[in-house]
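Peer 1: Just so you know, we're using our numbering here: the sequence shown kicks off at 145 and counts up by one. Following this message is one structure expressed as structure tokens.
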Amino acid sequence: MKFVLAFNLTLVVFRILYVLYYPLDLVPEEAQYWDWSRHLDLSYYSKPPMVAYLNFIAGKLFGVSELAVRITPIFLSFLLSVVTYLFAKRVFDERTALVASTLPHFTVGFAINSLLMTTDAPFVFFWSLSVMSLYFAFEKNTAKLWILSGFLSGLAFLSKYPAVFLLPSALVYGFFYKRQVLKSPNPYLSLLPAFLLSLPVFYWNVKHDFVSFKHVSTLATKSSSPPNFGSFFEFLGGQLLLLSVFSLLVLPYAWLKSLKQERLAFFT
145 MKFVLAFNLT LVVFRILYVL YYPLDLVPEE AQYWDWSRHL DLSYYSKPPM
195 VAYLNFIAGK LFGVSELAVR ITPIFLSFLL SVVTYLFAKR VFDERTALVA
245 STLPHFTVGF AINSLLMTTD APFVFFWSLS VMSLYFAFEK NTAKLWILSG
295 FLSGLAFLSK YPAVFLLPSA LVYGFFYKRQ VLKSPNPYLS LLPAFLLSLP
345 VFYWNVKHDF VSFKHVSTLA TKSSSPPNFG SFFEFLGGQL LLLSVFSLLV
395 LPYAWLKSLK QERLAFFT
């Protein structure tokens, strides 16, 4: 634990100094989300409101500066690494916990997500916490854990719309591996806090002709050109850059191994 704290605190200091002294302007998305924080609303045209709320809080604490914008992803990446270590140590062992909490920092995708204040920063944080909470909810099947899982899933949805698939995916897992758990009322308690947290976004969309959902639907279904091998290899190259070659080589092996063990199947 001491190594994990020292390693991550060192990264926090490095990233803060990097933001303070390296002339890296805000990317367009960061500037847009910061502007949202000056006009708080229940939701926005292209994204749910979490990124604006976090920018608002950081602005109140640190004023108007690049550090105020980027301190949130720096802090969230620190918290996520520490929580990941504690989770993996409890579920697996010390060695696995060290790898799980430190290896992501050596990938381009996580490094970017730990510095730039986009919707991915809170989304990855709350999605990851939701997955950890859901794991324990399936193992212990207590009302408190299921309610917590629903609450975290709701926060993930307020960060980015793909979180809408989180609880349904968990229920699909339960259908194949934990049917006995699904026979109790506890898992369905998770739907209540998730639904309540999503209500402001739905209300805003009702008031604005569902513009957010139309926007996301267009992005998901519209393509300017038919699929081709060039696009596929371009996508694959992007994944190699973000996750690293090592991660992409390990993932298929981990996926195949997880299919043989019920405990690991949850993480697929």
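Think of the CB as a built atom: it goes at the ideal place given N, C-alpha and C, for glycine as much as any other residue. Keep in mind it's a predicted model, so treat the numbers as computed, not measured.
Please name the residue in Ala241, Met145, Thr262 and Tyr317 whose C-alpha comes closest to that of Trp178.
Peer 2: Comparing Cα-Cα distances from Trp178 to each of Ala241, Met145, Thr262 and Tyr317, the minimum goes to Thr262.
Peer 1: Are there 16 or more other CB atoms within 10 angstroms of the CB of Ala212, so buried, or fewer, so exposed?
Peer 2: Label assigned to Ala212: buried.
Peer 1: For the candidate residues Thr286, His249, Phe309 and Arg234, whose alpha-carbon lies nearest to that of Trp271?
Peer 2: Closest option to Trp271, Cα to Cα, is Phe309.
Peer 1: For a test of the three-state rule: what should DSSP assign to Gly318, helix, strand or coil?
Peer 2: Correct three-state label for Gly318: helix.
Peer 1: Helix, strand or coil for Leu341? Go by DSSP, reduced to three states.
Peer 2: Reduced to three states, the DSSP call for Leu341 is helix.
Peer 1: Starting from Phe231, follow the alpha helix (DSSP H) in both directions and report where the run begins and ends.
Peer 2: Glu210 to Val235 is the span of the alpha helix (DSSP H), which, as asked, contains Phe231.
Peer 1: Could you give the DSSP three-state label for Thr263: helix, strand or coil?
Peer 2: In the structure shown, Thr263 sits in coil (DSSP, three-state: anything other than H, G, I, E or B).
Peer 1: Check whether the region 198-212 and the region 239-253 touch, using three or more Cβ-Cβ pairs below 8 Å as the test.
Peer 2: Taking 8 Å as the limit for Cβ pairs, the verdict is that the region 239-253 does not touch the region 198-212.
Peer 1: Following the continuous alpha helix (DSSP H) through Val325, name the residue where it begins and the one where it ends.
Peer 2: First-last of the alpha helix (DSSP H) with Val325: Arg323 to Leu326.
Peer 1: State whether the region 226-244 contacts the region 190-204, with contact taken as three or more CB pairs (one from each stretch) at a distance under 8 Å.
Peer 2: The region 226-244 is not in contact with the region 190-204.
Peer 1: How far does the alpha helix (DSSP H) with Ala307 in it reach, from first residue to last?
Peer 2: No alpha helix (DSSP H) contains Ala307, which DSSP labels as neither H nor E.
Peer 1: So what's Asp179 in DSSP terms, helix, strand or just coil?
Peer 2: Three-state result, Asp179: helix.
Peer 1: Could you check where the alpha helix (DSSP H) with Gly253 kicks off and where it finishes?
Peer 2: Looking at the DSSP string, the run of the alpha helix (DSSP H) that includes Gly253 is Val252 to Asn257.
Peer 1: For Trp180, which residues of its own chain have a beta-carbon under 8 Å away from its beta-carbon, when the five flanking residues on both sides are left out?
Peer 2: Around Trp180: Tyr188, Pro193, Val195, Ala196 and Asn199.
Peer 1: Taking Leu315 as the reference, which of Ser328, Tyr305 and Ser303 has the closest Cα?
Peer 2: Nearest C-alpha to Leu315: Ser328.
Peer 1: Sorted by chain position, which residues of the same chain lie with C-beta nearer than 7 Å to Leu220's C-beta, five sequence neighbours on each side aside?
Peer 2: Cβ within range, chain order: Ala265, Pro266 and Phe269.
Peer 1: Buried or exposed: where does Met276 fall if 16 or more other Cβ atoms within 10 Å of its Cβ makes it buried?
Peer 2: By the 10 Å Cβ count, Met276 comes out buried.
Peer 1: On the DSSP letters alone, give me the boundaries of the alpha helix (DSSP H) that Ser303 sits inside.
Peer 2: Ala287 to Ser303 is the extent of the alpha helix (DSSP H) around Ser303.
Peer 1: May I ask you to report which of helix, strand or coil DSSP gives Val394?
Peer 2: Helix at Val394.
Peer 1: Contact between the region 281-295 and the region 251-262: three or more CB pairs below 8 Å?
Peer 2: Not touching, per the Cβ criterion.
Peer 1: Helix, strand or coil for Tyr189, going by three-state DSSP, please let me know.
Peer 2: The answer is coil: DSSP assigns Tyr189 none of H, G, I, E or B.
Peer 1: Compare the beta carbon distance of Phe411 and Tyr279 with 9 Å and say whether it is the shorter of the two.
Peer 2: A contact, by the Cβ cut-off of 9 Å.
Peer 1: Straight-line CA distance for Leu326 to Trp399?
Peer 2: Taking the straight line from one Cα to the other gives about 24 Å.
Peer 1: Assign Phe319 to buried or exposed, taking buried as 16 or more other Cβ atoms, counted over all protein chains shown, within 10 Å of its Cβ.
Peer 2: Phe319 should be labelled exposed.
Peer 1: Can you list, in chain order, the residues of its chain with a C-beta nearer than 7 Å to that of Glu174? Leave out the 5 residues immediately preceding and following it.
Peer 2: The answer, listed in chain order, is Val213, Leu260, Met261 and Thr262.
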